[in-house]
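Participant:
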Amino acid sequence: MGRKYLKNLDLTLLVTALSIVLFGLVAISSATHATAAQGEDPFGFVKKQVLWVVLGLVVLWAVQSFDYRDLSRYAVWLYVANLIMLAGVLLVGSTRLGAQRWFALGPFMLQPSEFSKVIMIVTLASLLAKREGQLLRLRDLLLPMAFTAAPMLLILKQPDLGTALVLTAILLGMLYMAGARPSHLAGLVLTGLVVIGGALWAHVRYGTWIPLKEYQVVRLLIFLDPWQDWQGAGYHVIQSQIAIGSGGPWGRGLYNGSQNQLNFLPEQHTDFIFSVVGEELGFAGALVLLTLYFILLYRGIRIAAQARDTMGVLIATGVVSMLAFHILVNIGMTVGIMPVTGVPLPLFSYGGSAMLTNMAALGLLLNVYRRQQRIIF
51 MGRKYLKNLD LTLLVTALSI VLFGLVAISS ATHATAAQGE DPFGFVKKQV LWVVLGLVVL
111 WAVQSFDYRD LSRYAVWLYV ANLIMLAGVL LVGSTRLGAQ RWFALGPFML QPSEFSKVIM
171 IVTLASLLAK REGQLLRLRD LLLPMAFTAA PMLLILKQPD LGTALVLTAI LLGMLYMAGA
231 RPSHLAGLVL TGLVVIGGAL WAHVRYGTWI PLKEYQVVRL LIFLDPWQDW QGAGYHVIQS
291 QIAIGSGGPW GRGLYNGSQN QLNFLPEQHT DFIFSVVGEE LGFAGALVLL TLYFILLYRG
351 IRIAAQARDT MGVLIATGVV SMLAFHILVN IGMTVGIMPV TGVPLPLFSY GGSAMLTNMA
411 ALGLLLNVYR RQQRIIF
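Take the sequence shown: its letter number 372 is residue 422 in our numbering, and every next letter is one higher.
(1) Is the beta carbon of Trp300 sitting closer than 9 Å to the one on Ala354?
(2) Starting from Ala125, trace the beta strand (DSSP E) in both directions and tell me its first and last residue.
(3) Quick check on this structure: which residue in Ile70, Lys57, Asn58 and Leu61 has the alpha carbon closest to the alpha carbon of Leu373?
(4) Based on the DSSP secondary-structure assignment, which residues constitute the bridge partners of Leu186?
(5) If you drop the 5 nearest sequence neighbours on each side, which residues of the same chain put their C-beta closer than 7 Å to that of Asn417?
(6) How big is the Cα-Cα spacing for Gly303 and Leu331?
(7) Return helix, strand or coil for Ile425, following the three-state DSSP convention.
(8) For Met388, name the three-state secondary structure that DSSP assigns.
(9) Is it buried or exposed, Tyr256, if we count other Cβ atoms within 10 angstroms and call 16 or more buried?
(10) Quick one: Cα of Ala199 to Cα of Leu206, how far?
(11) Would you give the residue range spanned by the alpha helix (DSSP H) that Phe324 belongs to?
(12) Tell whether a beta-carbon distance below 9 Å holds between Leu63 and Leu378.
(13) Buried or exposed for Asp60, please, with buried defined as at least 16 other CB atoms from any protein chain shown within 10 angstroms of its CB.
(14) Quick one: using the 10 Å Cβ neighbour count with 16 as the cut-off for buried, is Gly138 buried or exposed?
(15) Based on Cα-Cα distance, which residue from Gln289, Ser290 and Pro201 lies nearest to Tyr30?
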């Protein structure tokens with residue numbers, strides 16, 4: 051019975067994900083042990099992350115154990131609960147660094163906008179599966195766009211621009227797989243870029259109002275020329291580029307990166323952890339990590355391609371879209387080709403809510419994969 055159960059698990063996906071997690075624990079250890087305050091445990095962040103990984107594996111097992119098709123019955127309730135959760139954090143949530151995104155549970159902080167990604171994948175998959183073949187006209191896209199816009203606006207209010215952009219990537223990926231015309235999606239993306247670019251230009255030039263904090267506007271634009279404010283908004287990007295560039299082919303060695311160990315590199319255990327890999331393990335270490343991510347995404351795409359029903363295809367597509375966007379934007383911002391939006395590196399960056407979310411997303415992929423197989427006990 052145990053052998054048959056394992057046979058119906060995508061072990062390649064699971065082993066690859068766990069390899070990324072273990073690699074991340076090593077990187078977090080190097081990123082935090084030298085910067086710990088006097089009297090603090092130099093490996094405190096690693097120990098906390100291990101706890102989140104264990105809890106995440108429990109979540110993964112729970113999510114893959116039931117039939118994902120049953121979730122369609124509870125999609126409305128999940129969607130409403132998601133909106134209540136996101137609204138609740140705006141009312142009673144904890145504020146850090148000018149953003150009200152977290153619920154405080156004793157020593158732990160939970161970020162509802164992270165969990166919102168998985169809920170939106172499931173609920174949007176349910177909505178689109180019922181509208182299969184009915185997305186050929188541009189106006190047919192209005193309902194799923196409005197469906198996604200409600201939680202997105204609540205997330206922007208926190209403010210959390212990165213997660214709002216992730217929801218956009220999930221929506222576009224799932225709409226494409228649900229049968230929306232590529233020309234319509236391309237038109238929407240182009241229109242969105244023009245509107246956003248025009249709004250940013252008008253804000254900078256004439257001071258017109260836009261629904262973003264000023265520091266978010268600066269982050270969106272500073273990557274174009276970080277040296278114009280090298281001691282301020284551009285500091286993160288410049289130090290990250292220095293760290294990655296100094297790593298060379300093989301890196302300076304684990305625990306030996308000057309930018310990391312001397313704390314020149316900001317947020318080195320969360321948003322800029324890829325810079326730690328680039329500096330201390332060089333191109334070789336970065337290539338290993340990118341290869342692991344390629345395998346992870348490839349397995350997700352295969353699961354989507356082989357799913358037996360539309361709901362399974364859409365859930366797998368949503369998960370792959372989420373992970374791919376995170377990887378692209380996070381690594382892009384560390385090398386200076388993407389704006390700094392605070393998007394963590396999946397399964398790698400330090401963070402409890404992100405780890406639980408990513409494990410739940412992998413649980414959905416394993417769930418869809420298992421239902422492709424015929425399980426006989």
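Backbone N, C-alpha and C fix where the C-beta goes; we use that ideal spot for every residue, glycine too. Nothing here was measured: the structure is a model prediction, and the numbers come from that model.
Facilitator: Let me spell this out:
(1) no
(2) From DSSP, Ala125 is part of no beta strand (DSSP E) but of the alpha helix (DSSP H) over Ala125 to Val142.
(3) Ile70
(4) Per the DSSP secondary-structure output, Leu186 pairs with nothing in a beta bridge.
(5) Around Asn417: Val113, Gln114 and Tyr118.
(6) 6 Å
(7) Any answer about Ile425 is weak, because its pLDDT of 42 lies below 50 and its placement is not dependable; what the coordinates show is given next. Ile425 falls in the coil class under three-state DSSP.
(8) coil
(9) Taking every protein chain shown into account, the CB of Tyr256 has fewer than 16 other CB atoms within 10 angstroms, so this residue is exposed.
(10) 10 Å
(11) Ile323 to Gln356
(12) no
(13) buried
(14) exposed
(15) Residue 30 lies beyond the stretch modelled for the chain, which goes from 51 to 427, so this question has no answer here.
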